[in-house]
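Throughout, this note's numbering is defined as the position within the sequence shown, counted from one, plus 294. The beta carbon of each residue, even a glycine, is placed where N, CA and C say it ideally should be. Since this is a predicted model, take the numbers as computed values, not measurements. What follows is a set of notes on a single structure, which appears directly below.
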Amino acid sequence: MKVFRDLYINLNGFKIDALMELFTEKCGDNWCRALDREKDAGVLGEKAFSFEHIQGDGLERAGLSLFQKDGDTWYVPNIVPLDSSQLSHGQYNKLLENFLEKIVRPSIDGLAVTAELTNDEQFLKDIVGEETASLLHKFSVLANQSTGSSHPCDRNRWFDFLIAVQRQHVSLNTDLLIHALKEDGWSEERAHDLAIEYEFAISLLDYNEGK
Numbered sequence: 295m296k297v298f299r300d301l302y303i304n305l306n307g308f309k310i311d312a313l314m315e316l317f318t319e320k321c322g323d324n325w326c327r328a329l330d331r332e333k334d335a336g337v338l339g340e341k342a343f344s345f346e347h348i349q350g351d352g353l354e355r356a357g358l359s360l361f362q363k364d365g366d367t368w369y370v371p372n373i374v375p376l377d378s379s380q381l382s383h384g385q386y387n388k389l390l391e392n393f394l395e396k397i398v399r400p401s402i403d404g405l406a407v408t409a410e411l412t413n414d415e416q417f418l419k420d421i422v423g424e425e426t427a428s429l430l431h432k433f434s435v436l437a438n439q440s441t442g443s444s445h446p447c448d449r450n451r452w453f454d455f456l457i458a459v460q461r462q463h464v465s466l467n468t469d470l471l472i473h474a475l476k477e478d479g480w481s482e483e484r485a486h487d488l489a490i491e492y493e494f495a496i497s498l499l500d501y502n503e504g505k
C-alpha cells in the first residue's frame, strides 16, 4: 500500500541550530526558511525549524517543519499544502524527496549527521511479521469470502490472526488491513466489514488483558 514517507535526521552530536543554518544556505530558488511558522511553534512551547517550497519546479507549494523526535533525532511529521486542501501520496513524497536531495544531503555531506527516508510502500508483514501475515492469508484463501468470518472454521482462523496481532501490541492501521484483504481477493464491502470486526476484537482483547 502506498504511504506517506517519513524523514528522520540523526545529529550524532552535531548542533541542530548550526545544521539549520546550513539548510538555510542551501535553499536556492525553490525552498525558503519560514521563520513565521517557527515563531508560531514557539508560542505553543515547541521548538521547530520550518521551510516552504515555492512553485517553479513542478512541485506543489507547501510547508514543512522539523521537530525533535528524541535525543539527537529530528523528523518531519507532516507537509502542509499551501494552495490546496491536501496532497496525494505522490505529491507529498516528491516534496519530501526534493527536500532531502536539494537541502538535506548537500548540507550533511562530510558531517556525522545522517538522514533516513522511509519506504513509500508498506505491507502487512512489515507491521505484524511474516508468521502473522501468513495467518491472514491462510484465512483468506480457505474462507468462504461471500460470508466473511461466519463459518465456524473460518471464524477460528480469523481468531488466530486477531489473537496473534493483539499479542504483539502493534499498531495495525485498518487501511493497511483492508488493502491486504483486498489483495487476497476480498470485496471492498467484505474487507471493510472485517476491518470493523478487527477493531472491535482488538479493543476487547486489550480490555481483557488489562483486567
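Cα-Cα separation between residue i and residue j, rounded to whole angstroms
{"i": "H431", "j": "S440", "result": "16 Å"}
{"i": "T422", "j": "E391", "result": "The sequence given here has Val at residue 422, not Thr. Those two C-alpha atoms are separated by around 27 Å."}
{"i": "R484", "j": "V297", "result": "23 Å"}
{"i": "Y302", "j": "V459", "result": "27 Å"}
{"i": "N450", "j": "E395", "result": "49 Å"}
{"i": "R399", "j": "Y386", "result": "18 Å"}
{"i": "H383", "j": "S401", "result": "26 Å"}
{"i": "E417", "j": "L475", "result": "In the sequence as displayed, the identity of residue 417 is Phe instead of Glu. Approximately 11 Å between the Cα atoms of the pair."}
Identified DSSP bridge partners for residue i
{"i": "E424", "result": "Paired residues: none, contrary to the question."}
{"i": "K296", "result": "E415"}
{"i": "Y369", "result": "Y302 and F361"}
Three-state secondary structure assigned by DSSP to residue i
{"i": "G352", "result": "coil"}
{"i": "S359", "result": "strand"}
{"i": "P375", "result": "strand"}
{"i": "D364", "result": "strand"}
{"i": "S497", "result": "helix"}
{"i": "L381", "result": "coil"}
Residue-level contact to chain D via CB, residue i, 8 Å cutoff
{"i": "K363", "result": "Given the protein chain composition of this structure (a single chain), no chain D is represented."}
Contiguous alpha helix (DSSP H) assignments of at least 4 residues, all confined to the segment 402 to 486: The alpha helix (DSSP H) runs of length 4 or more contained entirely in the segment 402 to 486 are, from start to end of the chain, 418 to 422, 424 to 436, 446 to 462 and 468 to 477.
For the segment 422 to 436 and the segment 319 to 333, state whether three or more C-beta atom pairs, one from each stretch, are separated by less than 8 Å. No, the segment 422 to 436 does not touch the segment 319 to 333.
Taking one C-beta from the segment 357 to 371 and one from the segment 329 to 341 each time, how about it: are there three or more such pairs within less than 8 Å? Yes, the segment 357 to 371 is in contact with the segment 329 to 341.
For a minimum of 3 consecutive residues, which ranges assigned as the beta strand (DSSP E) are wholly contained in the segment 299 to 349? Counting only runs of 3 or more residues that sit fully inside the segment 299 to 349, the beta strand (DSSP E) segments are 301 to 304, 325 to 327 and 342 to 347, in chain order.
At a cut of 8 Å, does the segment 490 to 497 reach the segment 453 to 470 through at least three beta carbon pairs? They touch, by the three-pair rule.
Whether or not the segment 300 to 315 and the segment 362 to 381 are in contact is what I'm after, with contact meaning three or more pairs of Cβ atoms, one per stretch, closer than 8 Å; do they touch? Touching, yes, given that three or more Cβ pairs across the two stretches are closer than 8 Å.
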